[in-house]
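S.K.: Starting off with a structure, shown below.
Residue numbers (the numbering used here): 4 to 603.
Laid out in structure tokens, this is it:
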């Protein structure tokens, strides 16, 4: 067995344990020949080495950068840290990361930048053609978040203007052919003129023993604890990773395992039990990557956040009693799309319905959306949303066709879904049908709800254009549209016919609500934590409670000791202070004065 430490590996030298090293030249060849490369990498193939190959091959020269997106903040931070360590550089210099409200990179120094997909969208707002990037790599693209789907559509448009921009789409479970066809700009039928290609990389496989439960498990939380303890008591080396379905389950199992750990004798093999889930404070998430001493076994209880993107060294045993998940539905197909619409409008996408998304909606969803369009009304709104080239039909005729085509037989079977598209054809002719069937987009129902929300907030007008200045300013905030509107209007908040300026308080609420778990509830001291929380609570509601917490934190000079005494998340509150400063700078940019209502 060869000894190999990725920590001391240098790009360009042989890395025996990496499947990518053997295919390095092929990866670089494909990037030279094709605009888009879809990489399907099996577990163990070290896809995170690709940015280093690109860096060594000169893709970050002449002022360019290599951008790598991750679906989660913790993944962006940990992968950037690992790559910086492997290259022997300081994090934030040659290799950096950018997540919401935190930028650990230097504009003229950083060559490889890891960032969340949402941050890449915000960069596109300021740099529509991504001129400072030579390569954009989308990792874990199969997760299909709202932001991922938006980025896929935007990159497709950008590539038509920037043929020199290279796109890498990487995943272990991706529908590679669908993604390749989406980015392939070859319309001639001649495969030699394809602009996208697929590459499959085999990972290094190791022998794995799989043990199944013989009978159905009535209480899988209890069984998780029992299995962890059985492995801990019978096996000598190796950390344990157990998967569960949600935060509540993770915390419940962690509490049970901590109780079990207390029963271990002093001379016994100790356990360090750690939770891992998306809303956990970053400082707590990072603990799972810390090494433990030989006489302590690390046990990580996690949601699916640990299934991809991040690597926890030392894990030997994995356990999962999860319920079988339902078929994954892209977030674009089921979410409130008001933030999406606002972002697309700010990016200059005029005809949203023809923006190329990857996932087609069911036909009945499109018809439902058109019903909502009629309910919102406005021939102008309908015209702008659908992109009609001529005059729309009379509203009453449209509704008759909607009712007949959609409600005639209740929920239509697959063969009858086409009838719902008759309306689309009547509204726009072949153009809309072709665009609709070419590549899908989110259900119109969801898109219209987003438009309705923005219209109610005065962010868009009857023609679905961003209002000036309110809508344009709202798009600048890294917040939901509701919070953005609140901040911009807070300087003159009318309450009970009185004019109260409250932008100071509004910006505090906006910053504090970006923090998960402001209050800490230790499993063994819940009653004390509840008493401490009541000292800040008021009848006026949670928002005023958060203001009280923030003001007290500032009053006591951001003391970690004070936070510990009152069971508050110190790291989270420090982050809230930073977020508040950033939001204040944006308000200052728009000449919004910071005024306080003085507790009125």
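Glycine residues also receive a C-beta, built at the ideal position from the N, C-alpha and C atoms.
From a predicted model like this one, the values you see are computed outputs, not experimental measurements.
Thinking C-alpha only, which one of 118, 163 and 95 is nearest residue 78?
M.R.: For the residues 118, 163 and 95, the minimum Cα distance to residue 78 belongs to 118.
S.K.: What's the C-alpha gap between residue 601 and residue 516?
M.R.: For residue 601 and residue 516, the distance between alpha carbons rounds to 21 Å.
S.K.: Reducing DSSP to helix, strand and coil, say where residue 167 ends up.
M.R.: In this structure, residue 167 counts as coil in the three-state DSSP scheme.
S.K.: Taking DSSP's pairing of strands, which residues face residue 246 in a bridge?
M.R.: Bridge partners of residue 246: 305 and 323.
S.K.: Grab me the residues of residue 86's own chain with a C-beta within less than 8 Å of its C-beta, minus the 5 sequence neighbours each way, in chain order.
M.R.: Excluding sequence neighbours, residue 86 sits near 51, 54, 55, 98, 115 and 117.
S.K.: Can you give the Cα-Cα distance for residue 172 and residue 142, rounded to whole angstroms?
M.R.: Computed Cα separation, rounded: 6 Å.
S.K.: Quick check: the Cα distance between residue 218 and residue 509, rounded to an integer number of angstroms?
M.R.: Their Cα atoms are separated by approximately 54 Å.
S.K.: For the pair the stretch 527–546 and the stretch 563–581, tell me if three or more CB-CB distances fall below 8 Å.
M.R.: The answer is yes - the stretch 563–581 touches the stretch 527–546, with three or more Cβ pairs under 8 Å.
S.K.: Do you know offhand how far residue 146's Cα is from residue 154's?
M.R.: Answer to the nearest angstrom: the Cα atoms are 13 Å apart.
S.K.: Would you tell me roughly how many angstroms separate the C-alpha atoms of residue 163 and residue 37, rounded to the nearest one?
M.R.: Going from the Cα of residue 163 to the Cα of residue 37 covers about 13 Å.
S.K.: Just the Cα atoms here: how many angstroms apart are residue 202 and residue 60?
M.R.: Roughly 19 Å separates the two Cα atoms.
S.K.: Grab the span of the beta strand (DSSP E) containing residue 117 for me, first residue to last.
M.R.: 115–119 is the span of the beta strand (DSSP E), which, as asked, contains residue 117.
S.K.: On the three-pair Cβ rule with 8 Å, is the stretch 313–323 touching the stretch 226–242?
M.R.: Yes: the two stretches touch, three or more of their Cβ pairs being nearer than 8 Å.
S.K.: Report yes if the CB atom of residue 150 is closer than 9 Å to the CB atom of residue 123, and no otherwise.
M.R.: Taking 9 Å as the Cβ cut-off, residue 150 and residue 123 qualify as a contacting pair.
S.K.: May I ask you to list the residues that DSSP assigns as paired with residue 136?
M.R.: Per DSSP, 68.
S.K.: Name the one or two DSSP bridge partners that residue 279 has.
M.R.: In DSSP, residue 279 forms a bridge with 305.
S.K.: How big is the Cα-Cα spacing for residue 604 and residue 299?
M.R.: Since the first residue of the chain shown is 4 and the last is 603, residue 604 is not available in this structure.
S.K.: Alpha carbon to alpha carbon, what distance is there between residue 222 and residue 442?
M.R.: With a pLDDT of 40 at residue 442, under the threshold of 50, the modelled position of that residue is not reliable, and the figure given next carries that caveat. Looking at the two C-alpha atoms, the distance is approximately 43 Å.
S.K.: Whole angstroms are fine: how far does the CA of residue 460 sit from the CA of residue 485?
M.R.: Between residue 485 and residue 460, the C-alpha separation is close to 8 Å.
S.K.: Which residues mark the beginning and the end of the alpha helix (DSSP H) in which residue 477 is found?
M.R.: That run of the alpha helix (DSSP H) goes 473–477.
S.K.: What is the residue span of the alpha helix (DSSP H) that residue 184 lies within?
M.R.: Looking at the DSSP string, the run of the alpha helix (DSSP H) that includes residue 184 is 179–186.
S.K.: If you scan the stretch 488–556 from start to end, which runs of the beta strand (DSSP E) of 3 or more residues do you find wholly inside it?
M.R.: 496–498 and 501–503, all fully within the stretch 488–556.
S.K.: Would you report the Cα separation of residue 546 and residue 113, rounded to the nearest angstrom?
M.R.: Whole-angstrom Cα-Cα distance: 39 Å.
S.K.: Keeping to the same chain, check which residues put their C-beta closer than 6 Å to that of residue 536; ignore five residues upstream and five downstream.
M.R.: Same-chain partners within the cutoff: 522.
S.K.: Helix, strand or coil for residue 146, going by three-state DSSP, please let me know.
M.R.: Looking at residue 146 - three-state DSSP - the assignment turns out to be helix.
S.K.: Please name the residue in 30, 584, 255 and 75 whose C-alpha comes closest to that of residue 200.
M.R.: It is 30.
S.K.: Alpha carbon to alpha carbon, how far is residue 193 from residue 472? Give it in angstroms, no decimals.
M.R.: Straight-line Cα distance between these residues: approximately 48 Å.
S.K.: Are residue 514 and residue 480 closer than 9 Å when you measure CB to CB?
M.R.: Their beta carbons are not under 9 Å apart, which means residue 514 does not touch residue 480 by this criterion.
S.K.: With residue 575 as the anchor, note down where its alpha helix (DSSP H) starts and where it stops.
M.R.: Note, residue 575: alpha helix (DSSP H), 573–592.
S.K.: The beta strand (DSSP E) spanning residue 105 covers which residue range?
M.R.: From DSSP, the beta strand (DSSP E) with residue 105 extends over 105–107.
S.K.: In chain order, what residues of the same chain lie with their CB nearer than 6 Å to the CB of residue 178, ignoring the 5 residues before and after it?
M.R.: Counting only Cβ-Cβ distances below 6 Å, and skipping sequence neighbours, we find nothing.
S.K.: In the DSSP assignment, find the unbroken beta strand (DSSP E) run with residue 232 in it and report its ends.
M.R.: Unbroken run through residue 232 is the alpha helix (DSSP H), 223–237; no beta strand (DSSP E).
S.K.: By how many angstroms is the C-alpha of residue 184 removed from the C-alpha of residue 578?
M.R.: Rounded to the nearest angstrom, the two C-alpha atoms are 42 Å apart.
S.K.: Which two residues bound the contiguous beta strand (DSSP E) that contains residue 42?
M.R.: That run of the beta strand (DSSP E) goes 39–44.
S.K.: Output the boundary residues of the beta strand (DSSP E) element that contains residue 98.
M.R.: From DSSP, the beta strand (DSSP E) with residue 98 extends over 98–102.
S.K.: Could you give the DSSP three-state label for residue 125: helix, strand or coil?
M.R.: Looking at residue 125 - three-state DSSP - the assignment turns out to be helix.
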